[in-house]
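Chains A and B supply the protein sequences, listed in that same order. When the letters of the first sequence are read in order and numbered with my numbering, they come out as residues 52 to 466. When the letters of the second sequence are read in order and numbered with my numbering, they come out as residues 229 to 518. Think of the CB as a built atom: it goes at the ideal place given N, C-alpha and C, for glycine as much as any other residue.
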Amino acid sequence: MNFKLSALAAATALALSPVTQAGEVEVLHYWTSGGEAASVNYLKDKLASEGVSWSDFAVAGGGGESAMTVLKSRAISGNPPTAAQIKGPSIQEWGELGFLASINDVAERDNWDELLPSVVSDVMKYNGEYVAAPVNVHRVNWLWANPEVFQKAGASIPTTWDDFLVQAQKLKDAGYIALAHGGQAWQDATVFEAVVLGVGGPEYYQQAFVESNIQALDSDTTRKVFETFGQLRQYIDTNSPGRDWNVATSMVINGEAGMQIMGDWAKGEFTVANKQPGTDYVCVAAPGTSGSFTFNVDSFAYFAQGDADKTSAQKAMASAILSTDFQEVFNLNKGSIPARLGMDRSAFDACAHASMDAFVSSSQTGGLVPSFAHGMAVSEAISGAIYDTATNYFNSTDSAEQGVQQLIAAISAAQ
Amino acid sequence: MLRYLERSLPRLVLAPTAIAMFVCMYGFIAWTAGLSLTKSRMLPQWEFVGFDQYARLFANPRWHVALDNLLIFIALFIGISLVLGLLLAIFLDRKVRAEGTLRTIYLYPMAISFVVTGTAWKWILNPGLGIEKLVRDMGFSNFEFRWLVEQDMAIYTIVIAAVWQSSGFVMAMFLAGLRGVDESLIKAAQLDGASVIQTYWHVILPIMKPVFFGAVVILSHIAIKSFDLVQALTGGGPGYSSDLPANFMYTFAFSRAQMGLGAASAMVMLAGVLAILVPYLYSELRTKKV
Numbered sequence: 052m053n054f055k056l057s058a059l060a061a062a063t064a065l066a067l068s069p070v071t072q073a074g075e076v077e078v079l080h081y082w083t084s085g086g087e088a089a090s091v092n093y094l095k096d097k098l099a100s101e102g103v104s105w106s107d108f109a110v111a112g113g114g115g116e117s118a119m120t121v122l123k124s125r126a127i128s129g130n131p132p133t134a135a136q137i138k139g140p141s142i143q144e145w146g147e148l149g150f151l152a153s154i155n156d157v158a159e160r161d162n163w164d165e166l167l168p169s170v171v172s173d174v175m176k177y178n179g180e181y182v183a184a185p186v187n188v189h190r191v192n193w194l195w196a197n198p199e200v201f202q203k204a205g206a207s208i209p210t211t212w213d214d215f216l217v218q219a220q221k222l223k224d225a226g227y228i229a230l231a232h233g234g235q236a237w238q239d240a241t242v243f244e245a246v247v248l249g250v251g252g253p254e255y256y257q258q259a260f261v262e263s264n265i266q267a268l269d270s271d272t273t274r275k276v277f278e279t280f281g282q283l284r285q286y287i288d289t290n291s292p293g294r295d296w297n298v299a300t301s302m303v304i305n306g307e308a309g310m311q312i313m314g315d316w317a318k319g320e321f322t323v324a325n326k327q328p329g330t331d332y333v334c335v336a337a338p339g340t341s342g343s344f345t346f347n348v349d350s351f352a353y354f355a356q357g358d359a360d361k362t363s364a365q366k367a368m369a370s371a372i373l374s375t376d377f378q379e380v381f382n383l384n385k386g387s388i389p390a391r392l393g394m395d396r397s398a399f400d401a402c403a404h405a406s407m408d409a410f411v412s413s414s415q416t417g418g419l420v421p422s423f424a425h426g427m428a429v430s431e432a433i434s435g436a437i438y439d440t441a442t443n444y445f446n447s448t449d450s451a452e453q454g455v456q457q458l459i460a461a462i463s464a465a466q
Numbered sequence: 229m230l231r232y233l234e235r236s237l238p239r240l241v242l243a244p245t246a247i248a249m250f251v252c253m254y255g256f257i258a259w260t261a262g263l264s265l266t267k268s269r270m271l272p273q274w275e276f277v278g279f280d281q282y283a284r285l286f287a288n289p290r291w292h293v294a295l296d297n298l299l300i301f302i303a304l305f306i307g308i309s310l311v312l313g314l315l316l317a318i319f320l321d322r323k324v325r326a327e328g329t330l331r332t333i334y335l336y337p338m339a340i341s342f343v344v345t346g347t348a349w350k351w352i353l354n355p356g357l358g359i360e361k362l363v364r365d366m367g368f369s370n371f372e373f374r375w376l377v378e379q380d381m382a383i384y385t386i387v388i389a390a391v392w393q394s395s396g397f398v399m400a401m402f403l404a405g406l407r408g409v410d411e412s413l414i415k416a417a418q419l420d421g422a423s424v425i426q427t428y429w430h431v432i433l434p435i436m437k438p439v440f441f442g443a444v445v446i447l448s449h450i451a452i453k454s455f456d457l458v459q460a461l462t463g464g465g466p467g468y469s470s471d472l473p474a475n476f477m478y479t480f481a482f483s484r485a486q487m488g489l490g491a492a493s494a495m496v497m498l499a500g501v502l503a504i505l506v507p508y509l510y511s512e513l514r515t516k517k518v
């Protein structure tokens, strides 16, 4: 029965996507670095074989900030691109403004509801209809460690935040920088997020930092979060302000520093430096978060087009993005894991396997939570408020209580 | 016909510029003022909410940091630039040798954009790369100079870089002013037995009052719209401790999707500029009439 169903699905898929499909997709994205650009080219070639031409509209810089500014001006002037790299709650904001096109027929045909975990598919839908296609899943709560440094310092890789402070002190005493960190607001927020999840657990995380529940925020847990976060100040080096994340990663690679808390894109830096997971570097969940998974999903949202050719090209692109071969190629390049479940995983490395396992298991236990540091959980206004508080607190000598009050004030002001 | 053309030609020639001015300056000022009264978030939405955005603006701690920083920056930047520029001008005016070369050296920073200035000073002030490392390598291992990475001091690094950039320009203004002072007045003062310092203080500087005024106006509007220097030098950090209002406006309007709030902060900045410019223009126009 199952076989028949899938055969039927495959047949309809073939029928619905004729080879002679004409049309063009204009795609706004900010994937311009080496590995990312290679992945985009793969998608381009794949679409070309289906008769869809690709007009590249790459806007580099600022983690997508410049791209979003361009997108806004294009949308206001009534000439949006066919697809644009938008993620998280921003998809809802664009949906509310009435710019997005439904790609629900493709999603139904290709069975997206079964391929995607519901936390991911919910983000892709506006008013119950798919308006965007997910490309990958990044896990943000990783701890990258250099085992050689740990061995020399006689420390062990920490699994809780209390243990982290003990081990970090050992590293510091042995003359290493315990935590490689770049003092930029988003990196401060990334570490803060790991502390929130590790100290408070996923349920607290969900209430306080996804639903912005003031009662949950005004609690002893939040105080403990700020206390732990504040103690990390002493384990980073004084030159950290303004440092880029990949520079911090290289400090772990060349043994200057013991560890870094960063999403799985950091793996690319280790790979480029010819380091092997398990021996040259270790990837484990950030302290206290082994059963949890903060996700950061990149996706393409589709803008309503007047032209029927463009609409069908758009749908071909959406379908190609969820195809197994694209998901594999793209995610091998990017260091993330495929957004669709149940794919062949032999090509991926140990860290990716760990990430995939955690993704599946945490989606069942409720430990799968959106990353607020990477714009997946709350609106830009609220995530901005959290950014401001986290970075301001981390760079000051404020007490935990002051941190809590600042956070509550900032979040209430942004709501 | 010809006479008509002759009479209206100046107006015709000026019309395109005037229209462009009205649309691009006053039109957009009005547009921003309108936006600041709406609930616009990611894109302009014309749903009016009165002065809500202004209330939210002044409830935002980051805005207050930016305003305080602006006050510190304006006071120090203008003060130090004026004093340094004036001293340089006076020294150069004492008929030193190679004045032309020296003048060029002092003026050169002016030719560099704020982005380059900011980046260069970022390296110079970075504790691991710049002055601190240099002095430590010379053997003073306890030397500390790390304003760039200290929350309370970061704004002063912006003052340093901005003064470095602009005091040469102030010097040029004062030098031109000094050259315009009538020699006979100085001679007269010397005959009366005034020392050099007394001559400058009581005779020359009072004559140069308009130059002071011009310099202050030019420097203060540079200060209020400072954006690129902060972006390049500190990125507003550590945290947001060295934010200036222009950086606040950009962040909230464009990357934080709070366009209404950003517009409100832009209007407050405009009010700040007007508070300086209007009295200046008023006094200028009044003296013209007399």
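Name the chain D residues that come within less than 7 Å of residue i, Cβ to Cβ?
i	result
Ile127 (chain A)	In the structure shown, chain D cannot be found, because the protein chains are A and B.
With DSSP collapsed to three states, give me the class of residue i.
i	result
Lys323 (chain B)	coil
Ile340 (chain B)	coil
Glu75 (chain A)	strand
Glu234 (chain A)	Checking the sequence, you will find Gly at residue 234 (chain A) rather than Glu. Strand at Gly234 (chain A).
His80 (chain A)	strand
Thr266 (chain B)	strand
Lys318 (chain A)	helix
Val110 (chain A)	coil
Phe234 (chain B)	According to the sequence displayed, residue 234 (chain B) carries Glu and not Phe. Note: Glu234 (chain B) maps to helix in three-state DSSP.
Ile154 (chain A)	coil
Pro131 (chain A)	coil
Phe476 (chain B)	helix
Gln311 (chain A)	strand
How is the beta strand (DSSP E) around residue i delimited, first residue to last?
i	result
Arg374 (chain B)	Unbroken run through Arg374 (chain B): none, as it is neither H nor E.
Ile208 (chain A)	Where Ile208 (chain A) is concerned, there is no enclosing beta strand (DSSP E), given that its DSSP letter is neither H nor E.
Asn187 (chain A)	Ala183 to Arg190
Gln486 (chain B)	Looking at the DSSP string, Gln486 (chain B) is not in any beta strand (DSSP E), and its letter there is neither H nor E.
Ala390 (chain A)	Where Ala390 (chain A) is concerned, there is no enclosing beta strand (DSSP E), given that its DSSP letter is neither H nor E.
Val333 (chain A)	Val333 to Ala336
Given this structure, state the Cα-to-Cα distance separating residue i from residue j, to the nearest angstrom.
i	j	result
Ala66 (chain A)	Ala371 (chain A)	Since pLDDT at Ala66 (chain A) reaches only 42, below the 50 mark, its modelled position is unreliable, and the value read off the structure follows with that caveat. Each residue's Cα considered, the two are about 15 Å apart.
Met407 (chain A)	Phe346 (chain A)	11 Å
Trp316 (chain A)	Ile388 (chain B)	37 Å
Ala267 (chain A)	Glu360 (chain B)	45 Å
Phe441 (chain B)	Gly396 (chain B)	17 Å
Ala424 (chain A)	Arg284 (chain B)	23 Å
Phe371 (chain B)	Thr385 (chain B)	17 Å
Ser434 (chain A)	Asn130 (chain A)	29 Å
Arg396 (chain A)	Gln365 (chain A)	28 Å
Leu320 (chain B)	Phe305 (chain B)	22 Å
Phe476 (chain B)	Ser470 (chain B)	10 Å
Phe108 (chain A)	Glu77 (chain A)	7 Å
Val380 (chain A)	Ala245 (chain A)	28 Å
Ile504 (chain B)	Lys453 (chain B)	13 Å
Tyr544 (chain B)	Val445 (chain B)	Outside the modelled stretch of chain B, which goes from 229 to 518, sits residue 544 (chain B), for which no answer is possible.
Ser141 (chain A)	Val182 (chain A)	12 Å
Gln466 (chain A)	Asn446 (chain A)	25 Å
Tyr336 (chain B)	Glu327 (chain B)	14 Å
Tyr444 (chain A)	Gln356 (chain A)	45 Å
Pro517 (chain A)	Phe373 (chain B)	Within the shown structure, residues of chain A are numbered from 52 to 466, placing residue 517 (chain A) beyond reach of any answer.
Thr440 (chain A)	Asn354 (chain B)	24 Å
Along the alpha helix (DSSP H) that carries residue i, what are the first and last residues, could you check?
i	result
Ser434 (chain A)	Glu431 to Phe445
Gly405 (chain B)	Ala382 to Arg407
Cys469 (chain A)	Nothing about residue 469 (chain A) can be reported from this structure: the residues present for chain A run from 52 to 466 only.
Asn347 (chain A)	Unbroken run through Asn347 (chain A) is the beta strand (DSSP E), Phe344 to Tyr353; no alpha helix (DSSP H).
Ser169 (chain A)	Ser169 to Met175
Pro421 (chain A)	No alpha helix (DSSP H) holds Pro421 (chain A); the beta strand (DSSP E) holding it covers Leu419 to Pro421.
Ala369 (chain A)	Ala359 to Ile372
Ala219 (chain A)	Trp212 to Asp224
Ala196 (chain A)	Where Ala196 (chain A) is concerned, there is no enclosing alpha helix (DSSP H), although the beta strand (DSSP E) it sits in stretches over Trp193 to Ala196.
Selection of the region 287-304 of chain A by Cβ proximity to chain B, strictly under 9 Å: Asp288, Thr289, Asn290, Ser291, Pro292 and Gly293
In chain order, what residues of the region 140-156 of chain A put their CB closer than 7 Å to some CB of chain B? Glu144 and Leu148
Which runs of the alpha helix (DSSP H) at least 4 residues long sit entirely within the region 399-457 of chain B? Give them in chain order. Counting only runs that start and end inside the region 399-457 of chain B, the alpha helix (DSSP H) elements of at least 4 residues fall at 411-419 and 437-452.
Contact set between the region 278-300 of chain B and chain A, restricted to residues whose Cβ is under 9 Å from the partner: Arg284, Ala287, Asn288, Pro289, Arg290 and Val293
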